[in-house]
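S.K.:
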Ligand SMILES: C[S@@+](CC[C@H](N)C(=O)[O-])C[C@H]1O[C@@H](n2cnc3c(N)ncnc32)[C@H](O)[C@@H]1O
């Protein structure tokens, strides 16, 4: 499928898929959205300094890179992510994330992209990274093993199957009690499905250009 680089309103790049008319991040600002949704209303809410993250859709690696930078302050992070359709290296090399986040993260970002699928690598003494090359439908999660899910699938209009109950059940299963799922999406049916699984659903203001986003806490 054809993929093109686009520059979003905060100056950071994203990838656009013409056939789906879908971008990997908000057109209003890729880095701005990632920091708002997954850091500010995500990992920063957790009280523990030792955190296990699961990301649905590794994609460009932007969330992983920003989480690495965030975690340098005080966290010990075990970062696990899944990706069914890896982005080609030429495209990754055309993204401007290191200009925006810091050139000093160049080797970390490179290692995230070049690490072997299915193998854990220690990117620092406090950040372990594992990426899995698989579709979420066949992935078998470990029960109660994750503190936070970054639910970063393409939107329900573009890829409705990612927002179905069967996928959300897996997220619920892998989360520890008290763990949270965060996403940029605030669709009604999605929130009702989360509630039906035993999540407490909290609406938060979305990043610029989006009224609301969702934080869901596994309470049952
Ligand atoms: C919105 S983009 C994710 C953006 C990514 N988090 C980033 O920061 O670049 C959605 C991602 O989900 C991946 N994806 C699509 N279908 C999938 C599936 N069935 N299982 C796992 N990943 C999938 C896509 O290839 C894409 O990388």
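Residue numbers (the numbering used here): 364 to 583. A virtual CB, placed ideally from N, CA and C, is assigned to each residue, including glycine. Since this is a predicted model, take the numbers as computed values, not measurements.
1) Just to confirm, are residue 493 and residue 443 a CB contact at a threshold of 8 Å?
2) I'd like to check one pair, residue 428 with residue 475: are the Cβ atoms closer than 8 Å?
3) Assuming residue 576 is part of the alpha helix (DSSP H), what are its boundary residues?
4) So, helix, strand or coil for residue 464, using DSSP?
5) Kindly confirm or deny that the segment 430–439 and the segment 405–417 touch, where touching means at least three C-beta pairs closer than 8 Å.
6) Let me know the secondary structure DSSP gives residue 430 once reduced to three states.
7) Hey, residue 392 and residue 423: beta-carbon distance below 8 Å or not?
8) Assuming the contact rule is C-beta atoms closer than 8 Å, residue 463 and residue 375 should be a hit. Round their C-beta distance to whole Å, please.
9) If you draw a straight line from the alpha carbon of residue 349 to that of residue 538, how long is it in whole angstroms?
10) Does residue 542 come out as helix, strand or coil in the three-state DSSP assignment?
11) Have a look at residue 438 and residue 578 and give me their C-alpha separation to the nearest angstrom.
12) Taking the runs of the alpha helix (DSSP H) that are 4 residues or longer, which of them lie wholly in the segment 373–403?
13) With respect to 7 Å, is the separation between the Cβ of residue 533 and the closest non-hydrogen atom of ligand 1 below this value?
14) To the nearest angstrom, how far is it from the Cα of residue 447 to the Cα of residue 498?
15) Can you give me the Cβ contacts of residue 514 inside the same chain, cut-off strictly under 6 Å, excluding the 5 residues immediately before and after it?
16) So residue 580 and residue 553 are in contact, right, with Cβ under 8 Å, and what is the actual spacing, rounded?
17) For residue 476, report the span of its alpha helix (DSSP H) as first-last.
18) Nearest by alpha-carbon distance to residue 496: which of 417, 469, 534 and 480 is it?
19) Given this structure, state the Cα-to-Cα distance separating residue 517 from residue 548, to the nearest angstrom.
20) Determine, using beta carbons only, whether residue 411 and residue 488 come nearer to each other than 8 Å.
21) Counting along the chain, where does the beta strand (DSSP E) carrying residue 417 start and finish?
22) For residue 584, which beta-bridge partners are listed by DSSP?
M.R.: In brief:
1) Within the chain shown, numbered from 1, the residue matching residue 493 stands at position 130. Within the chain shown, numbered from 1, the residue matching residue 443 stands at position 80. Against a cut-off of 8 Å, the Cβ pair of residue 443 and residue 493 comes out as a contact.
2) In the chain shown, the residue the question calls residue 475 occupies position 112. In the chain shown, the residue the question calls residue 428 occupies position 65. Contact: yes.
3) Along the chain shown, read from residue 1 onward, the residue named residue 576 stands at position 213. First-last for residue 576: 575–581, but that is the beta strand (DSSP E), not the alpha helix (DSSP H).
4) For this step, residue 464 is matched to residue 101 along the chain shown. Helix, per DSSP.
5) yes
6) Locating residue 430 in the chain shown gives position 67, counting from the first residue. Reduced to three states, the DSSP call for residue 430 is helix.
7) In the chain shown, residue 392 corresponds to position 29, counting from 1. In the chain shown, residue 423 corresponds to position 60, counting from 1. Contact: no.
8) Residue mapping note: residue 463 aligns to position 100 of the chain shown, counting from 1. Residue mapping note: residue 375 aligns to position 12 of the chain shown, counting from 1. Correct: roughly 5 Å between the Cβ atoms.
9) The structure shown does not extend to residue 349, since the chain is modelled only from 364 through 583, so no value can be given for it.
10) One-based indexing of the chain shown puts residue 542 at position 179. Three-state result, residue 542: strand.
11) Stepping through the chain shown from its first residue, residue 438 is reached at position 75. Stepping through the chain shown from its first residue, residue 578 is reached at position 215. If I take the Cα positions, the gap works out to 21 Å.
12) For the segment 373–403, the continuous alpha helix (DSSP H) assignments of 4+ residues that do not extend past its boundaries occur at 393–397, in sequence order.
13) To locate residue 533, count along the chain shown from 1; it is residue 170. Residue 533: no, Cβ never under 7 Å from ligand 1.
14) For the purposes of this step, residue 447 is taken as the residue at position 84 of the chain shown. For the purposes of this step, residue 498 is taken as the residue at position 135 of the chain shown. Straight-line Cα distance between these residues: approximately 5 Å.
15) By one-based count along the chain shown, residue 514 stands at place 151. Excluding positions up to five away in sequence, the list reads 419, 544 and 546.
16) For the purposes of this step, residue 580 is identified with residue 217 of the chain shown, where counting begins at 1. For the purposes of this step, residue 553 is identified with residue 190 of the chain shown, where counting begins at 1. Not confirmed; about 15 Å, so no contact.
17) Counting from one through the chain shown, the residue named residue 476 turns up at place 113. Unbroken alpha helix (DSSP H) run through residue 476: 469–477.
18) The residue given as residue 496 occupies position 133 in the chain shown. Looking at the Cα atoms, 480 is the closest of the given residues.
19) Translated into positions along the chain shown, residue 517 becomes position 154. Translated into positions along the chain shown, residue 548 becomes position 185. Cα to Cα, residue 517 sits roughly 10 Å from residue 548.
20) Counting from 1 along the chain shown, the entry for residue 411 is found at position 48. Counting from 1 along the chain shown, the entry for residue 488 is found at position 125. No, the pair does not count as a contact, with Cβ atoms beyond the cut-off.
21) If you number the chain shown from 1, residue 417 lands on position 54. Its beta strand (DSSP E) spans residues 413–419.
22) Nothing in the structure corresponds to residue 584, since the chain is present only between 364 and 583.
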